[in-house]
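Colleague: Residue numbers (my numbering): 1244 to 1475. Backbone N, C-alpha and C define an ideal beta-carbon position, used for all residues, glycine too. Here the structure is a predicted model, which means the values were calculated and not measured. If you scroll down you'll find the structure; I have some questions about it.
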């Protein structure tokens, strides 16, 4: 539902302004300017700025942590002390900021920021989703299946965007997901783990599913399906 929620203000702006909006990225600021009173307008812009800064901070922190703990600490310098790890993390954050600044002009080549974001997410989300779900459901899946799934996802999605640019990105992502599952299934059949993975659970935590969560999950799933059917 998140893509629909993101697109919904643009739909409202199109109904209000029509073709008078020359740049799609102007839709949201124009709605705030024309529909909100002066006090709420400033408060809303402050909240929007805070949300952007929070998202940027979270992404930089996550990227720095992944590099520092999963690459540097694990493979490059396993004996590094805490002070060195913190220093490397700060340096990695600065490097990621520079990379982000270099890549910032590229979204201007697309019709809007949303289109660019969905294109980039297509290289990441199908592979991560497929590997995560496959690993949970198939306990004998080998490590090679996960690695191959993560590597084949961006390659498949990139080839689809290159050869079939006229096809919607959601269809590219769906086909990429199926290809990844097929690759992991083949490797699991050919090279299954000798012993299935057993996930440790904490017995003193109540894992009884909430009835409200079930109802909410069903509602979200049905709403998502209905949105795709109506706006296909």
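Which residue comes first and which comes last in the alpha helix (DSSP H) that contains residue 1397?
Modeller: What you label residue 1397 is simply residue 154 of the chain shown in a count that begins at 1. Element bounds for residue 1397: 1386–1406.
Colleague: If the criterion is Cβ atoms closer than 7 Å, does the pair residue 1430 and residue 1387 meet it?
Modeller: The sequence position of residue 1430 within the chain shown is 187, counting from 1. The sequence position of residue 1387 within the chain shown is 144, counting from 1. Against a cut-off of 7 Å, the Cβ pair of residue 1387 and residue 1430 comes out as a contact.
Colleague: If contact is defined by three or more beta carbon pairs under 8 Å, each pair taking one atom from either stretch, is the stretch 1369–1383 in contact with the stretch 1414–1429?
Modeller: Yes: the two stretches touch, three or more of their Cβ pairs being nearer than 8 Å.
Colleague: Below 8 Å, how does it come out for the stretch 1299–1312 and the stretch 1270–1290: are there three or more Cβ pairs, yes or no?
Modeller: No, because fewer than three Cβ pairs between the stretch 1299–1312 and the stretch 1270–1290 fall closer than 8 Å, the two stretches do not touch.
Colleague: Suppose you measure from the CA of residue 1310 to the CA of residue 1330; what does that come to, to the nearest Å?
Modeller: Counted from its first residue, the chain shown places residue 1310 at position 67. Counted from its first residue, the chain shown places residue 1330 at position 87. Approximately 12 Å, taken between the alpha carbons.
Colleague: Going along the chain, which unbroken runs of the alpha helix (DSSP H) with 4 or more residues stay wholly within the stretch 1309–1356?
Modeller: Listed in chain order, the complete alpha helix (DSSP H) runs (minimum 4 residues) inside the stretch 1309–1356 are 1325–1346.
Colleague: With burial defined as no fewer than 16 other Cβ atoms inside 10 Å of the residue's Cβ, what is the status of residue 1369: buried or exposed?
Modeller: As a first step, residue 1369 must be located in the chain shown, where it is residue number 126. So residue 1369 ends up on the buried side.
Colleague: Is the stretch 1388–1408 close to the stretch 1450–1459, with three or more CB pairs under 8 Å?
Modeller: The stretch 1388–1408, when compared against the stretch 1450–1459, does not touch it at the 8 Å Cβ threshold.
Colleague: Residue range of the alpha helix (DSSP H) that residue 1383 falls in?
Modeller: Here residue 1383 refers to the residue found at position 140 of the chain shown. No alpha helix (DSSP H) contains residue 1383, which DSSP labels as neither H nor E.
Colleague: Tell me the DSSP secondary structure of residue 1274 in three-state form.
Modeller: What you label residue 1274 is simply residue 31 of the chain shown in a count that begins at 1. If DSSP states are grouped into helix, strand and coil, residue 1274 belongs with the helices.
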